[in-house]
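Visitor: One structure, as structure tokens, below. Some questions next.
Residue numbers (the numbering used here): 37 to 412.
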């Protein structure tokens with residue numbers, strides 16, 4: 037229930053939205069004024085159109101994205117900006133707009149867009165100015181924690197990338213190891229796994245993504261719809277530690293080791309390989325090597341096909357690729373342990389980031405509706 041001190045008002049009574057201004061790239065002059073588009077800052081200019089602080093949202097393109105600008109700026113014509121805060125606290129207005137579902141007012145066209153006149157008619161709860169400031173202060177604290185966590189994640193990822201460059205190439209050796217590394221073909225380390233199964237089995241259906249590796253496919257496809265398909269496909273089985281790659285997207289990094297602790301199914305478009313026990317190759321070390329930037333560039337150079345959409349790295353070409361690995365299995369294992377430790381640090385930070393973002397969403401819901409009050 038809305039507090040007695042709060043008023044229900046139309047958005048146009050709380051603020052005024054105005055369309056941004058044209059500024060083609062050919063007319064921009066280098067300067068220190070940020071140029072804000074529907075996707076955020078996209079460049080710089082010498083002249084500002086709007087004084088800070090500013091709140092900008094996408095009019096076309098990234099509908100629903102809202103940006104707080106703490107310096108004088110130039111909003112492009114693909115945006116709407118707050119031209120009049122009507123005595124309200126700007127940072128509070130920023131959070132208020134972020135809480136609104138602009139997609140409900142998006143045009144039914146190929147390009148998402150919103151009309152400011154429609155937005156002005158949205159009814160919102162409007163607290164007194166002192167309470168606006170306190171709410172904005174609380175949510176800003178969460179934003180600072182989220183930004184700090186993101187910076188930590190970026191730093192940890194850069195650190196792991198540097199470790200991979202050193203440890204997976206032999207440029208830097210771990211203490212106690214000096215045996216030369218050996219060159220071999222991937223066919224000596226991996227063997228194709230041709231175990232197939234129909235989707236009607238109880239095994240879960242997974243997919244390979246460049247960002248997250250082997251992940252559940254339920255968020256992309258309806259399992260029942262697949263089962264009803266007249267052409268029942270033979271899906272490939274993937275066991276823990278198997279290497280899976282997409283021949284068509286390998287040049288972009290579509291390769292990963294299955295970290296799932298049980299058998300899963302993947303589409304037959306993927307290639308599935310198991311690490312040969314006779315090779316004495318550590319699966320985590322090998323997967324880190326195959327997923328490294330240097331190795332992906334090597335795969336990209338071996339792509340075949342006359343049409344761009346059909347270009348791929350075929351399995352036989354993949355298996356003839358040469359790699360250099362430590363002759364000592366223990367060295368492989370210790371390198372894998374170092375890189376796995378770096379992964380764990382990143383994973384913990386990502387979990388922390390997810391928790392902070394969830395907490396902030398809950399706080400916004402409660403604070404911006406007056407469900408939870410703040411002391412002023």
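Think of the CB as a built atom: it goes at the ideal place given N, C-alpha and C, for glycine as much as any other residue.
Beta strand (DSSP E) containing residue 234: first to last residue?
Guide: As a position in the chain shown, residue 234 is number 198, starting the count at 1. Run containing residue 234: 232-234, per the beta strand (DSSP E) assignment.
Visitor: Which complete alpha helix (DSSP H) runs does the stretch 122-160 hold, if anything under 4 residues is left out?
Guide: As far as the stretch 122-160 is concerned, its whole alpha helix (DSSP H) runs of at least 4 residues are 126-134, 152-156.
Visitor: Output the boundary residues of the alpha helix (DSSP H) element that contains residue 401.
Guide: The residue labelled residue 401 in the question sits at position 365 within the chain shown. Start and end: 365-403.
Visitor: If we count the other Cβ atoms within 10 Å of its Cβ and call it buried at 16 or more, is residue 168 buried or exposed?
Guide: Sequence index remark: in the chain shown, residue 168 carries index 132 (1-based). When all chains shown are included, residue 168 counts as buried.
Visitor: On the DSSP letters alone, give me the boundaries of the beta strand (DSSP E) that residue 307 sits inside.
Guide: Within the chain shown, numbered from 1, the residue matching residue 307 stands at position 271. Residues 307-311.
Visitor: On the three-state DSSP scale, how would you describe residue 220?
Guide: Locating residue 220 in the chain shown gives position 184, counting from the first residue. Strand, per DSSP.
Visitor: For residue 367, count neighbouring Cβ atoms within 10 angstroms of its own Cβ and tell me buried if that reaches 16, exposed if not.
Guide: Numbered from 1 along the chain shown, position 331 holds the residue referred to as residue 367. Residue 367 comes out buried.
Visitor: Sorted by chain position, which residues of the same chain lie with C-beta nearer than 6 Å to residue 412's C-beta, five sequence neighbours on each side aside?
Guide: Here residue 412 refers to the residue found at position 376 when the chain shown is read from its first residue. Cβ within range, chain order: 166, 167, 170.
Visitor: Measuring CA to CA, which of 397, 391, 389, 374 is closest to residue 203?
Guide: Residue numbering aside, residue 203 sits at position 167 when the chain shown is read from its first letter. Nearest option by C-alpha distance: 374.
Visitor: List, from N- to C-terminal side, the beta strand (DSSP E) runs of 3 residues or more that fit wholly inside the stretch 281-352.
Guide: Complete beta strand (DSSP E) runs here, min 3: 291-293, 300-302, 307-311.
Visitor: Using 9 Å as the threshold, is the C-beta distance between residue 322 and residue 178 below it?
Guide: Working through the chain shown from its first residue, we reach residue 322 at position 286. Working through the chain shown from its first residue, we reach residue 178 at position 142. No; because the gap between Cβ atoms is not below 9 Å, this pair is not in contact.
Visitor: Which two residues bound the contiguous alpha helix (DSSP H) that contains residue 47?
Guide: Sequence index remark: in the chain shown, residue 47 carries index 11 (1-based). Element bounds for residue 47: 47-50.
Visitor: In its own chain, which residues sit with a C-beta less than 7 Å from the C-beta of residue 290, not counting the 5 before and 5 after it?
Guide: Residue mapping note: residue 290 aligns to position 254 of the chain shown, counting from 1. 244, 246, 281, 282, listed in sequence order.
Visitor: Verify whether the separation of the beta carbon atoms of residue 62 and residue 401 is less than 9 Å.
Guide: As a working mapping, residue 62 is identified with position 26 in the chain shown. As a working mapping, residue 401 is identified with position 365 in the chain shown. Against a cut-off of 9 Å, the Cβ pair of residue 401 and residue 62 comes out as no contact.
Visitor: I'd like the span of the alpha helix (DSSP H) that includes residue 196, first residue to last.
Guide: Within the chain shown, numbered from 1, the residue matching residue 196 stands at position 160. Taken as a continuous stretch (DSSP letters only), the alpha helix (DSSP H) holding residue 196 covers 165-203.
Visitor: Near residue 174, which residues of its chain fall below 8 Å by C-beta distance, leaving aside the five closest residues on each side in sequence?
Guide: Residue 174 sits at position 138 when you count from the first residue of the chain shown. Closer than 8 Å at the Cβ level, and outside the excluded window around residue 174, lie 399, 403, 410.
Visitor: How many Å lie between residue 354 and residue 388 at the Cα?
Guide: What you label residue 354 is simply residue 318 of the chain shown in a count that begins at 1. What you label residue 388 is simply residue 352 of the chain shown in a count that begins at 1. Roughly 38 Å between the two C-alpha positions.
Visitor: Spatial neighbours of residue 24 within its chain, please: C-beta separation below 8 Å, excluding the five flanking residues on both sides.
Guide: Look at the range of the chain in this structure, 37 to 412, and you will see that residue 24 is not part of it.
Visitor: Would you grab the beta carbon distance between residue 114 and residue 90 for me? Rounded to a whole angstrom, and I think it's under 8 Å.
Guide: Looking up residue 114 in the chain shown gives position 78. Looking up residue 90 in the chain shown gives position 54. With 8 Å as the limit, residue 114 and residue 90 do not qualify as a contact, their Cβ atoms being about 15 Å apart.
Visitor: So what's residue 243 in DSSP terms, helix, strand or just coil?
Guide: To locate residue 243, count along the chain shown from 1; it is residue 207. In this structure, residue 243 counts as strand in the three-state DSSP scheme.
Visitor: Return the bridge partner residues of residue 112 from the DSSP annotation.
Guide: For the purposes of this step, residue 112 is taken as residue 76 along the chain shown, with counting starting at 1. 57, per the DSSP bridge assignment.
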